[in-house]
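Once you know that position 79 of the sequence shown is 79 in the numbering used here, the rest is easy, because the numbers rise by one and skip nothing.
Working notes, beginning with the structure itself.
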Amino acid sequence: MHNILITGGAGFIGSHVVEEMRKQFPEARLVILDKMTYAADIRNMDGSLDWDRCRLVVGDLCDFDLCQRVTRDVDCVVHVAAESHVDNSFGNSLQFTRSNTLGTHSILEACRINGVKRIIHVSTDEVYGEIEQGAHTETDILTPTNPYSASKAGADMIAISYVHSFKLPLTIIRSNNIFGIRQYPEKLIPKFTLLGLAGKKLPMHGTGKNRRRFLAVEDFAAAISLLLRNGAPGEIYNAGTDEEYSNLEVAEMICNVLGLRISEALTFVQDRPFNDSRYALDSSKIRKLGWSPSRSLKTRLPEVVKWYESHFSRFNQIETA
Ligand SMILES: NC(=O)c1ccc[n+]([C@@H]2O[C@H](COP(=O)([O-])OP(=O)(O)OC[C@H]3O[C@@H](n4cnc5c(N)ncnc54)[C@H](O)[C@@H]3O)[C@@H](O)[C@H]2O)c1
1 MHNILITGGA GFIGSHVVEE MRKQFPEARL VILDKMTYAA DIRNMDGSLD WDRCRLVVGD
61 LCDFDLCQRV TRDVDCVVHV AAESHVDNSF GNSLQFTRSN TLGTHSILEA CRINGVKRII
121 HVSTDEVYGE IEQGAHTETD ILTPTNPYSA SKAGADMIAI SYVHSFKLPL TIIRSNNIFG
181 IRQYPEKLIP KFTLLGLAGK KLPMHGTGKN RRRFLAVEDF AAAISLLLRN GAPGEIYNAG
241 TDEEYSNLEV AEMICNVLGL RISEALTFVQ DRPFNDSRYA LDSSKIRKLG WSPSRSLKTR
301 LPEVVKWYES HFSRFNQIET A
């Protein structure tokens, strides 16, 4: 691998993918394409941008001329960038379709024109919709229920059509909720952590009984680099954990780490217009390639909370409530 383009490298997952690519392909040149939305932070790439093999291009996936320029002379693209917060998609859904669906189309068309040899497209378990029992496999139909997941499902459909129509050497990875340091505090774990550290109430949507699975961001980045090496072009791989909690249980874990009483810390607020009850992925296909998660939320949470504590000032201008 000589030249790797990572979209969304200044965001949460993308910044960990950049680190993973540096580790796995130290000889490669990295280009990061990022629009630097509110969710991005230049400090997420501390260390990487000082490295002479890494370059940041600030721009929008929907700028097709730019996509053509940044994919020229690139062997491999890891497409991570997206509008990622479900709650925002209820109020600003056009931006989600624009960045996630049209933006994916734009970068994939540029990959096709420039003959990029390997592409990983990052998707989500949310495209399958909720599942009461059991777990979704890669062949299940997509039944997204909110504008975010619909825009991601649209992106997946374009990606799959490019595999069929143009034999684009693309692999899709779908994961469950990801946790770790550098996540923007609109998502449950960093949001509750920072609010708890500030002595504020933790606003729980609805009953808090919705169930989610949590995968460490480092394990997810490792799954991506495994697929770059051994994933089959044209295939979809689920990458998730079996570690499942209700949102209430996650809040309780955070309170325990912070030394707060959950009964005093929590306040219940109106739920999203629609909130999937449970997501679960069957990851046996990628596990056959040798991948499995090596970190758990329960054991890693204190470390993540500690990071937010020591970076508290970075986030104190952000409205988390
Ligand atoms: N966070 C999770 O729990 C989770 C779970 C499953 C899948 N995913 C997927 O992983 C990917 C990354 O998620 P994240 O949590 O790191 O998101 P994030 O919001 O932290 O980062 C997204 C990055 O994409 C950039 N971006 C957004 N729109 C862009 C555009 N039009 N052009 C160029 N750059 C743009 C942003 O500036 C930001 O740096 C997304 O595709 C998301 O759907 C996330």
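Idealized CB from N, CA, C, for every residue including glycine.
Status (buried if at least 16 other CB within 10 Å, exposed otherwise) for G47: exposed
From the DSSP output, read off the bridge partner residues of P331. Outside the shown range of the chain (1 to 321) lies residue 331, about which nothing can therefore be said.
When DSSP labels each residue in this structure, what does I13 get in the three-state scheme? The answer is helix: DSSP assigns I13 an H, G or I state.
Bridge partner(s) assigned by DSSP for H239: Checking the sequence, you will find Ala at residue 239 rather than His. Per DSSP, S175.
Classify N146 as helix, strand or coil using the three-state DSSP reduction. coil
Complete runs of the beta strand (DSSP E) confined to the segment 18-56 [at least 3 residues]: Counting whole runs of 3 or more residues, the segment 18-56 contains the beta strand (DSSP E) stretches 29-34.
Leaving out five residues before and five after D60 in sequence, what residues of the same chain have Cβ atoms less than 8 Å from its Cβ? K35, L66, S99 and G103
As assigned by DSSP and simplified to three states, the class of F166: helix
Can you list, in chain order, the residues of its chain with a C-beta nearer than 7 Å to that of V163? Leave out the 5 residues immediately preceding and following it. L170 and G234
How do the segment 244-259 and the segment 204-214 stand: do at least 3 beta-carbon pairs fall below 8 Å, yes or no? yes
According to the neighbour-count rule (16 or more other Cβ atoms, all chains shown, within 10 Å of its Cβ), is D125 buried or exposed? buried
Given a threshold of 16 other Cβ atoms within 10 Å of its Cβ, counted over all protein chains shown, does Q133 qualify as buried or as exposed? exposed
Nearest to Q270 (by Cα), restricted to the options D63, D87 and I32: D87
Measure the C-alpha to C-alpha separation of H16 and I224 and round it to an integer number of angstroms. 11 Å
Does DSSP classify C255 as helix, strand or coil? Correct three-state label for C255: helix.
Output the distance between the C-alpha atoms of S277 and R112, rounded to the nearest integer angstrom. So the alpha carbons of these two residues sit roughly 38 Å apart.
Please find out if some non-hydrogen atom of ligand 1 comes closer than 7 Å to the beta-carbon of P36. Looking at the sequence itself, residue 36 is Met, so the reference to Pro does not match. Yes, the beta carbon of M36 sits closer than 7 Å to at least one heavy atom of ligand 1.
Using the three-state DSSP reduction, which class does H205 fall into: helix, strand or coil? strand
For S151, collect the residues of the same chain with a Cβ closer than 6 Å to its Cβ; drop the 5 residues on either side in sequence, then sort them by chain order. F96, T97, N100 and T101
Within 10 Å of its beta-carbon, does P144 have 16 or more other beta-carbons around it, so buried, or fewer, so exposed? buried
The alpha helix (DSSP H) with S294 in it runs from where to where? Neither: S294 is in no alpha helix (DSSP H) and is coded neither H nor E.
Can you name, in chain order, every residue of its own chain whose Cβ lies under 8 Å from the Cβ of R314, other than the five neighbours on each side? Only residues of its own chain outside the window of five on either side were considered, and among them D41 and R43 have a CB closer than 8 Å to the CB of R314, listed in chain order.
Own chain residues within Cβ distance below 6 Å of N230, not counting five before or after: L289
Is L66 helix, strand or coil by DSSP? helix
For I189 and V78, which I take to be in contact (beta-carbon distance under 8 Å), what is that distance rounded to the nearest angstrom? The pair is not a contact, with the Cβ atoms about 24 Å apart (cut-off 8 Å).
Report whether the distance from the Cβ of V77 to the nearest heavy atom of ligand 1 is below 7 Å. no
Just tell me which of G154, K187 and H2 has its CA closest to the CA of R72. H2
Identity of the residues DSSP links to C76 by a beta bridge: I4 and R118
Beta-carbon within less than 6 Å of G154's beta-carbon, same chain only, minus the 5 sequence neighbours each way: which residues are those? T101
Could you check which residue in I262, L5 and C255 has the C-alpha nearest to that of R410? Past the boundaries of the shown model lies residue 410; the chain is included only from 1 to 321, so the question cannot be answered.
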